Amino acid sequence: MFRLDDDARTIFGEISRDSLVRRIVRLYPGLRLMRQEPHQCIFSFVCASNTNIPMIRRMLHNLTRKFGRPVKVDGLEFFTFPSANDIDRADIDELRSCGLGYRVRAIKSAAHAIASGQLDFDVLKAASYEEAKKELLQIYGIGNKIADCILLFSLEKLDAFPMDVWIARALLENYSWLHQEEFGDKLTLHQYEELSNSARRYFGKYAGYAQQYLYYHMRQTAGKKW
DNA sequence: ACCCAGGAATTGT
DNA sequence: ACAATTCATGGG
Numbered sequence: 002m003f004r005l006d007d008d009a010r011t012i013f014g015e016i017s018r019d020s021l022v023r024r025i026v027r028l029y030p031g032l033r034l035m036r037q038e039p040h041q042c043i044f045s046f047v048c049a050s051n052t053n054i055p056m057i058r059r060m061l062h063n064l065t066r067k068f069g070r071p072v073k074v075d076g077l078e079f080f081t082f083p084s085a086n087d088i089d090r091a092d093i094d095e096l097r098s099c100g101l102g103y104r105v106r107a108i109k110s111a112a113h114a115i116a117s118g119q120l121d122f123d124v125l126k127a128a129s130y131e132e133a134k135k136e137l138l139q140i141y142g143i144g145n146k147i148a149d150c151i152l153l154f155s156l157e158k159l160d161a162f163p164m165d166v167w168i169a170r171a172l173l174e175n176y177s178w179l180h181q182e183e184f185g186d187k188l189t190l191h192q193y194e195e196l197s198n199s200a201r202r203y204f205g206k207y208a209g210y211a212q213q214y215l216y217y218h219m220r221q222t223a224g225k226k227w
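Under my numbering, the first sequence is numbered contiguously, ending at residue 227.
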């Protein structure tokens, strides 16, 4: 199992072989990957399709308030994140009232896959990137992008490289080893796999860390001059 | 009214 | 294989 204390030096040494990533790493010395509980990560990213971050946060807030368990911390009341069983048993209309829209079907199918044992997180953590991804892609509501995010943020696949238009722009602007594929406001399945696999080969076993630095820097500097 | 948002599944060619 | 369409929702 991966441990940050042991491997942080190795990881940054590895991804810092690239000059651009080396510069960005120095800009954001505290940036780290989280290791989220898989069911939280899955529900969060299933909610993330075709919407924006404020809306995603609102959906998750509504879900915890409606299906989580109340807990008091320093006299303040919070709600725990719902379990897969909670979502699996949840009433459809109550889920819809959280603002999930058409994503209700997706979150239901994911919850059932977990609750039924079809998805076993210990097995997925022990499996390779390719094997674990293949299992995730079976679930309705989990496509290429969401699968890679789940693998990187909660299943310890540090070589996963989630692709989106921001990362694609960063790669195409800075790396000539990509034979420049044009893309519009969306990435096709073919473009996704070409770009993600190329980046995985280039950055190596900690490609996901490089992805996070590149992505974060793109969002920080969006609209500004580098 | 219109466009967009860290997409994915389904249908059409 | 690949392109087009649909799927709810809220913010700007």
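Ideal Cβ positions, reconstructed from N, Cα and C, are used throughout, including at glycine. Computed from a prediction, not measured in an experiment: that's the story for all the values here.
key: Candidates Asp89, Met164, Ile93, Leu64, of which the one nearest aspartate 186 by Cα   = By one-based count along the first sequence, residue 186 stands at place 185. Closest in alpha carbon position to aspartate 186, among Asp89, Met164, Ile93, Leu64, is Met164.
request  = Compute the Euclidean distance between the alpha carbons of glycine 22 and glycine 14, then round it to the nearest angstrom.
outcome  = Translated into positions along the first sequence, residue 22 becomes position 21. Translated into positions along the first sequence, residue 14 becomes position 13. Note on identity: in this sequence residue 22 is valine, with glycine being the wrong assignment. Cα-Cα distance, rounded: 11 Å.
task = Spell out a yes or no on whether the segment 79-93 and the segment 59-69 are touching, meaning 3 or more CB-CB pairs, one atom from each, closer than 8 Å.
result = Yes, the segment 79-93 touches the segment 59-69.
inquiry  = Taking its Cβ as the centre, do 16 or more other Cβ atoms sit within 10 Å of alanine 9, making it buried, or is it exposed?
reply    = The residue given as residue 9 occupies position 8 in the first sequence. Alanine 9 should be labelled exposed.
key: Inside the segment 65-106 only - beta strand (DSSP E) runs reaching at least 3 residues   = As far as the segment 65-106 is concerned, its whole beta strand (DSSP E) runs of at least 3 residues are 71-74, 77-80.
request  = Mind checking which residues open and close the alpha helix (DSSP H) that includes phenylalanine 122?
outcome  = Residue 122 sits at position 121 when you count from the first residue of the first sequence. Segment 122-127, the alpha helix (DSSP H) holding phenylalanine 122.
key: Distance between serine 197 and alanine 169 (C-alpha atoms, nearest Å)   = Here residue 169 refers to the residue found at position 168 when the first sequence is read from its first residue. Here residue 197 refers to the residue found at position 196 when the first sequence is read from its first residue. Approximately 9 Å between the Cα atoms of the pair.
query = At which residue ranges does the segment 131-212 contain complete alpha helix (DSSP H) runs of 4 or more residues, listed in the order of the chain?
reply = Listed in chain order, the complete alpha helix (DSSP H) runs (minimum 4 residues) inside the segment 131-212 are 145-155, 166-175, 190-204.
task = Look at the Cβ atom of glutamate 136, then the Cβ atom of leucine 153, and state whether they are nearer than 8 Å.
result = In the first sequence, counting from the first residue as 1, residue 136 sits at position 135. In the first sequence, counting from the first residue as 1, residue 153 sits at position 152. No, the pair does not count as a contact, with Cβ atoms beyond the cut-off.
query = Is it the case that the Cβ atoms of valine 26 and tyrosine 214 are separated by a distance below 8 Å?
reply = Taking the first residue of the first sequence as position 1, residue 26 is located at position 25. Taking the first residue of the first sequence as position 1, residue 214 is located at position 213. Yes, these two residues count as a Cβ contact at 8 Å.
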